[in-house]
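Throughout the sequence shown, residue numbering follows this note's numbering, covering 1426 to 2634 in sequence.
Heads up, the beta-carbon is just placed ideally off N, CA and C, and yes, glycines get one too.
Structure first, then comments.
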Amino acid sequence: MVHEEEAAQRRKQAAAAKQADALARTVITSDHSDQNAEPSIPSATASDEQLPPPAPEPEPLPLLTHTGRLRRNYRLPARYRDDLPPCPIPLPPIAPGSSALPQVIHHIQDVFKTISNSYGLSREYPYRPTYDPESAIPNDHLSTYYAKFQPEPTTELSAPVNHAPFWPFKNMTSWLMMHWANTGSQSKSEAEMDRLAQTVFSHPEFNVADAANFSARREGAALDKSDDQNAGAAPFLADGWMESHIDISVPLGTKDSRGHSAPFRVPGLQHRSLLSIMKAALVDESARRFHFSPFKRFWKPLDGPERRVYDEAYTSDAWLEEHDKLQKQPNEPDCKLEKVVLGLMFWSDSTHLTNFGTAKLWPLYLYFGNLSKYFRGKPGSGASHHVAYIPSLPDSIQDFLGPGSRKPAVLTHCRRELMHKVLDKVLDDDFVHAYRHGFAMECLDGVWRRFYPRIFTYSADYPEKALLASIRCNGRCPCPRCLVEKSEIHKLGQVKDRQTRSKLRSFIGSSILKARDFIYKTGHIINSTFVEALLFAQSWAPTMNAFVEKLSPFSFDPHQMLVVDLMHEIELGVWKSVFTHLIRILHAEAPGGRLVSELDRRYRLIPTFGHSTIRKFTANASEMKKLAAHNYEDLLQCAIPAFDGLLPEPHNKIVLSLLFRLGEWHALAKLRMHTDSTLDRLDTATTVLGQELRRFSRITCAAYQTKELPKEVAARVRREARTKVKSSSSSSTATSSVPELCKNAAPALSASSPSTEVQGTSGPEPPTTPPSTLKPSGARKGTSKKCFNIWTYKVHALGDYVKTIRMFGTTDSYSTQTGELEHRRVKRLYGRTNKRNAVRQIARRERRETRLLRAHRAAKAKLEHPHHVSFSEDDTLPPTHPAMHHHISDSMRHYQDAFSFGKMYPGDPASKDFVPRLKDHLLGRLLGHQYNGDEQMFSSTERGTIRISDNKIYSAKVFRVNFTTYDLQRDQDTLNPRTHCDVMVMSPETEEGAHPYWYARVLGVFHVKFLHVGPASKSSSEQHMEVLWVRWFGVVPGHRYGFETGRLPKIGFVPEDMPAPFGFLDPSLVIRGCHLIPAFEDLRTSSLLSVSPSAGRPVYDTDDWAAFYVNWFVDRDMFMRYVGGGIGHMHQNRMVTQQDTMDMDNDTNTVDDNAHMAMDVDEEDEGEEDAGLYQSDEEDEESGEEDGDDEDHFSAELDAVMDCDRDYL
């Protein structure tokens, strides 16, 4: 029996694959035949056009039931059209003898535009392209979940490898064992042991005799030395690590007319040649995916004008501009090769290598923007190139500096100098030469091209941005891109704010050189009056910028490459700050912690969703213990139901509006595919969010005396005790430990003018007891006042997202999350070291892993077939092909008697007339009754024509539904009836104001075998159908929702006394799963289903939530299904009727003229200048600063801004 089921599953998969291939060929044909033709659709959908007209509508029912709930219109959902992502449109071949580029170097563009595909997408190339990597990518790789079941597409290398397949090892056995040892998990688990047996011991070329002589140390050394033996042999071009030292100039406050300061040597810089990295990447198998010709992408919707699409880096304005400049510049002498931009995108961030201890690493990563973000964003793609591991200042610098109270300022300056010296080493002469003249390489398609590296983005958190921009952290002008002053940041979204952003930074090299002369030649201290007079006004630091020194001849601006950072600026920045202050407000509203406990309870009750999209909130959300960025993102996406009703009016209304606008802004900013219309919407959303932040600050925050949270009190006490220990010990000996970084020696300066020269003061007397015995008792006890702060760089950064997306593409292309994911790799490599000189060992093991990966990919190109698929043995439902709409197991192991439902739950509305309603549903589908299915009542005679085989219906564990996302990727929801299995379907209601979707909770997933007999039968054979048993939801009447009102929709279960609160649903009508969160404020009720226990709810439940919020913000695809305009939602866009549009002229945006607002400058962003610049994550948690003295000044500023908001409204 088991073998028969497995054979049936294989036949079903083969048929699905065959259908998918046929469908793909049909789409391709339609693209070439008629660009305006509608794409072909599966026969199941196409057959609907020939169906008889629907039966007459019954008489309308009253709008409301006696319980007040909105009645449903009893029709089946509209037919859902599941369109697959389109196949790439092939580029026309270049005519023989023609060139890819114009031969005459006059500024002539050979503009080429493709025809539109089935989704209305087309490309416009400024110059005729010669290579399209997407033409070789199968549709399977547009799936976000299917790639792990399918090997990478591989073809034979164009450049031959001049070594044996197992080179540089002596035999294949050594190669297999070294590959296993340097890949996979660092802890050899049972799965790793299975992999050892399957990939090593079971390999046909594994030899026990060779294994007897195997030595891991010897083979590892051979692999390390291979860098010097293989230059010119693809895919093993030499690009190994080098170890160097860095000499920095340390100002000691002495005069020297020649400016020769004391040099200090920092050893241990591990780095690689950028030119070698680029050359090696171009011969790797992944280079087949490189885009050599940038283009603009356009979208022509079915009912609107053509609009620009922004997604990849190589479709951005910055890339197109650089490509155009490159084509206009003269060719190199005797070179007529195609000139290609090689886009460089850098990431860097310090990370802890262990959960305990001090081991840390500061990697510099490089990615190539020529690769699609959907490929290079995958951690296992091998697209990350480790360029350098930046060293830290050694503790010995304390001995070098000697005792002195100005040591913190000098240390901060030395760290700036070290960073730019490292960058100077990375941007070596070979790289600068390639930047100017390019370098020629033969590509994997056999064509020679000349590549010109260009730096586009550098992703880092704010302290590192300030470091790279040579400015001070949180100075008077804190932004690394523009010259906005801190006192103007709260004007986010206003006209004046937009004007301020146009004042871009420009490196003032002459002033910085003068300041350095004051420091190094005349011996002035770093924050002296002479230095501050030159640098304070724009918050510059006295450090020469390596990017400016090396690349200024090419008009390169290092400040514009410092792109926005959604993870640190929003999820761990603005939203974390708002959430933390909301917890303080709840404590102030109910001092006993009652409201905070209720908030924690609500978050724990929120159901999960998707494959880790929304995770279970197990710990108390209010405590924020060890939360990562994705945890804060989950908190934001589920915040509205959790906070609803906790505060009295008008604060509840203000908080809900703010949470909605934050969720809306976050969803728009994180879209992976933008159009001109969505960017305009994001621009408007930024203005509205700025207003909501100011309203929240001025009204709600001012109404409560908020104080530190218990976690903040404990952190402050530890911080103050640690500061006392350090200040006491710093004067007793010159060899004390390194003080905490970036505590600038200068006191806070006013925002209007620089201070007079800051003179050092002597430290306190040495303590009478050893520093280790000092206790925190001297720290300030009790809770301090904590207010909400909107004068931070992270708030200011909200206004730069639209411009950045237009310039460099969508935010996921350069998110710091990419670098954070790559940190997992170095942490794994650290686990394989012996912890002595770990950085050098990490560098060595990184090369081993990368070279084995390249060799493995090259070997796969020759030894494997791309159609081989590995299936998981412990999954009863095999992987679902992306072309299928849904997948339900056809296993017959789990079955029930069809009549048992009524017997198990007598009197239960859920199982009432179960078999007759099931037969009605089957008959409706068999007879092709469109939109009236199981609501059509058939006679007993007609039902008798359906004979369920053995009266058995078969249950399935899960229901998988595939769908095309707004950005033309294929995704999947896995739904299990035991765990909040909620689905959405298209609504057939077309009247004005109708909700675009219907919602249902799946109670059971079944497939049925039956015979259809009688005169209406079309087949005498046994037939098979898949059905979903569902409980329907209805929209809550009277609840206003939408983007104008800033509220999510509410739905509730259809009451049991209404017709058809339960029913059956054709799985092909399901769009995808949805996330429903209980409306906790509306409590629970048993009036909707009075019977208990019932098959319509979990066994342990005796009642239901009265209402649920539909979570629009659960992911980007769900958000775009309500906003409209998703390219992948082509046919749904015409059906979605938005409830309202974003309009700031509504009652939720009014403000109170007499409200008062206080300002807090002790948030984590607003410490003393340069505070926390190099702090670790743990240190950042305890890096609070004292309250500022600018409250009255900034409150007056906010009053004026709110007046402007009121005028605007």
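### Task
Could you please give me the residues that DSSP links to Ser1674 through a beta bridge?
Within the sequence shown, residue 1674 is the residue found at index 249, counting from 1. Beta-bridge pairing links Ser1674 to Pro1688.
### Query
Using the beta-carbon count (16 or more within 10 Å), is Thr2366 buried or exposed?
For this step, residue 2366 is matched to residue 941 along the sequence shown. So Thr2366 counts as exposed.
### Straight-line gap, Met2362 to Gly2349 (C-alpha atoms, nearest Å)
Taking the sequence shown and counting its residues from 1, the one referred to as residue 2362 is at position 937. Taking the sequence shown and counting its residues from 1, the one referred to as residue 2349 is at position 924. Approximately 9 Å between the Cα atoms of the pair.
### Task
Examine chain D for any beta-carbon lying closer than 8 Å to the beta-carbon of Pro2135, and answer yes or no.
This model lacks chain D altogether, as it is built from one protein chain only.
### Task
Could you please give the first and the last residue of the uninterrupted beta strand (DSSP E) stretch that includes Val2386?
The count along the sequence shown starts at 1 and reaches residue 2386 at position 961. Its beta strand (DSSP E) spans residues 2384 to 2389.
#### Entry: Cut-off 8 Å between Cβ atoms - residues of its own chain near Tyr2129, not counting five sequence neighbours on either side
Within the sequence shown, the letter at position 704 stands for residue 2129. So the qualifying residues of the chain are Arg2009, Ile2010, Ala2013, Glu2014.
### Task
Give the DSSP-derived three-state secondary structure of Leu1786 in the structure shown.
The residue you call residue 1786 lines up with position 361 of the sequence shown. Strand, per DSSP.
### Query
Whose C-beta lies closer than 7 Å to the C-beta of Ser2047 among residues of the same chain, with five residues either side of it excluded?
Residue 2047 sits at position 622 when you count from the first residue of the sequence shown. Answer for Ser2047: Ile2008, Val2021, Leu2024, Asp2025, listed in chain order.
### Task
Would you mind giving the Cβ-Cβ distance between Leu2087 and Leu2104, rounded to the nearest angstrom? I have them listed as a contact below 8 Å.
Position 662 of the sequence shown, counting from 1, holds the residue named residue 2087. Position 679 of the sequence shown, counting from 1, holds the residue named residue 2104. Not confirmed; about 19 Å, so no contact.
### Query
Around the Cβ of Arg1861, are there at least 16 other Cβ atoms within 10 angstroms (buried) or fewer (exposed)?
Reading the sequence shown from its first residue, position 436 is the one you call residue 1861. It counts as exposed.
### Query
Rounded to the nearest angstrom, how far is the Cβ of Trp1772 from that of Phe1881, given a contact under 8 Å?
By one-based count along the sequence shown, residue 1772 stands at place 347. By one-based count along the sequence shown, residue 1881 stands at place 456. The beta-carbon distance between Trp1772 and Phe1881, rounded to whole angstroms, is 12 Å. This is too long to meet the 8 Å contact definition.
#### Entry: Trp1724 and Val1734 closer than 8 Å at C-beta
On the sequence shown, position 299 is the one that residue 1724 refers to. On the sequence shown, position 309 is the one that residue 1734 refers to. A contact, by the Cβ cut-off of 8 Å.
### Task
Please determine if the region 2391 to 2405 and the region 2549 to 2558 are in contact, where contact requires at least 3 C-beta pairs separated by less than 8 Å.
Yes: at least three Cβ pairs fall under 8 Å.
### Task
Would you mind reading off the limits of the beta strand (DSSP E) that contains Lys2434?
Translated into positions along the sequence shown, residue 2434 becomes position 1009. Note, Lys2434: beta strand (DSSP E), 2422 to 2437.
### Query
In its own chain, which residues sit with a C-beta less than 8 Å from the C-beta of Lys1680, not counting the 5 before and 5 after it?
Position 255 of the sequence shown, counting from 1, holds the residue named residue 1680. Excluding sequence neighbours, Lys1680 sits near Lys1946, Thr1947, Gly1948.
### Query
Who are the Cβ neighbours of Ala1641 in its own chain at under 7 Å, not counting the five residues just before and after it?
Within the sequence shown, the letter at position 216 stands for residue 1641. So the qualifying residues of the chain are Ala1606.
### Task
Flag this pair as yes or no: are the beta carbons of Pro1804 and Glu2247 separated by less than 8 Å?
What you label residue 1804 is simply residue 379 of the sequence shown in a count that begins at 1. What you label residue 2247 is simply residue 822 of the sequence shown in a count that begins at 1. Yes, the pair counts as a contact, with Cβ atoms nearer than the cut-off.
### Whole-angstrom distance between Arg1714 and Arg1874, CA atom to CA atom
Here residue 1874 refers to the residue found at position 449 of the sequence shown. Here residue 1714 refers to the residue found at position 289 of the sequence shown. Each residue's Cα considered, the two are about 15 Å apart.
### Task
Report, in whole angstroms, the separation of the C-beta atoms of Arg2465 and Phe2487, which I expect to be a contact under 8 Å.
Here residue 2465 refers to the residue found at position 1040 when the sequence shown is read from its first residue. Here residue 2487 refers to the residue found at position 1062 when the sequence shown is read from its first residue. About 29 Å; that fails the 8 Å criterion.
### Task
Run the CB neighbour count on Phe1781, radius 10 Å, all protein chains shown included, and call it buried at 16 or more, exposed below.
Translated into positions along the sequence shown, residue 1781 becomes position 356. It counts as exposed.
### Under the three-state DSSP convention, the category Trp2216 falls into
If you number the sequence shown from 1, residue 2216 lands on position 791. Trp2216 falls in the coil class under three-state DSSP.
### Message
How far does the beta strand (DSSP E) with Leu1917 in it extend, from its first residue to its last?
### Response
Looking up residue 1917 in the sequence shown gives position 492. Element bounds for Leu1917: n/a, residue is neither H nor E.
### Proximity below 8 Å, CB of Pro1903 to CB of Tyr2218
Position 478 of the sequence shown holds residue 1903. Position 793 of the sequence shown holds residue 2218. Yes; because the gap between Cβ atoms is below 8 Å, this pair is in contact.
#### Entry: Stretch pair the region 1964 to 1978 + the region 1894 to 1903: three plus CB contacts closer than 8 Å
Contact holds: three or more Cβ-Cβ distances are below 8 Å.
### Message
Using the Cβ count rule (16 or more neighbours within 10 Å means buried), how would you classify Lys1704?
### Response
The residue given as residue 1704 occupies position 279 in the sequence shown. Here Lys1704 is buried: its Cβ has 16 or more other Cβ atoms, across all protein chains shown, within 10 Å.
### Query
Where does Ala1743 sit, in a helix, a strand or coil, going by DSSP?
As a first step, residue 1743 is located in the sequence shown; it is residue number 318 there, counting from the start. Correct three-state label for Ala1743: helix.
### Query
Ends of the alpha helix (DSSP H) at Ala2127?
Here residue 2127 refers to the residue found at position 702 when the sequence shown is read from its first residue. Careful: Ala2127 lies outside any alpha helix (DSSP H) and carries neither H nor E.
### Neighbourhood of Arg2270 by C-beta distance below 8 Å, restricted to the same chain and skipping five residues each side
As a working note, residue 2270 is residue 845 in the sequence shown. Closer than 8 Å at Cβ, skipping near neighbours: Asn1607, Leu2254, Arg2257, Thr2258.
### Query
With respect to the beta strand (DSSP E) encompassing Glu2635, which residues constitute its N-terminal and C-terminal limits?
Residue coverage of the chain in this structure runs from 1426 to 2634, which leaves residue 2635 outside it and unanswerable.
### Query
What's the gap between the Cα of Ala2171 and the Cα of Val1835?
For the purposes of this step, residue 2171 is identified with residue 746 of the sequence shown, where counting begins at 1. For the purposes of this step, residue 1835 is identified with residue 410 of the sequence shown, where counting begins at 1. Low confidence applies to Ala2171: its pLDDT is 33, below 50, so where it sits in the model is not reliable enough to give any reading.
### Task
Using the Cα positions of Pro1578 and Arg2385, report the straight-line distance between them to the nearest angstrom.
Numbered from 1 along the sequence shown, position 153 holds the residue referred to as residue 1578. Numbered from 1 along the sequence shown, position 960 holds the residue referred to as residue 2385. The predicted position of Pro1578 is uncertain, since its pLDDT is 37 and thus under 50; a value taken from the coordinates is nonetheless stated next. Using only the alpha carbons, I get a separation of about 26 Å.
### Query
Residues bridged to Met2483 by DSSP?
Here residue 2483 refers to the residue found at position 1058 when the sequence shown is read from its first residue. BP columns for Met2483 are empty, so no partner.
### Beta-carbon proximity of Leu1767 to Phe1856, cut-off 8 Å
For the purposes of this step, residue 1767 is identified with residue 342 of the sequence shown, where counting begins at 1. For the purposes of this step, residue 1856 is identified with residue 431 of the sequence shown, where counting begins at 1. No; because the gap between Cβ atoms is not below 8 Å, this pair is not in contact.
### Message
By the DSSP assignment, the beta strand (DSSP E) with Lys1721 in it spans what residues?
### Response
Here residue 1721 is taken as the residue at index 296 of the sequence shown, counted from 1. Segment 1721 to 1724, the beta strand (DSSP E) holding Lys1721.
#### Entry: Three-way DSSP call (helix, strand, coil) for Glu2014 in this model
Taking the first residue of the sequence shown as 1, we reach residue 2014 at position 589. Helix, per DSSP.
### Inter-residue Cα distance where the pair is Cys1907 and Ile1995
To locate residue 1907, count along the sequence shown from 1; it is residue 482. To locate residue 1995, count along the sequence shown from 1; it is residue 570. One C-alpha to the other measures close to 19 Å.
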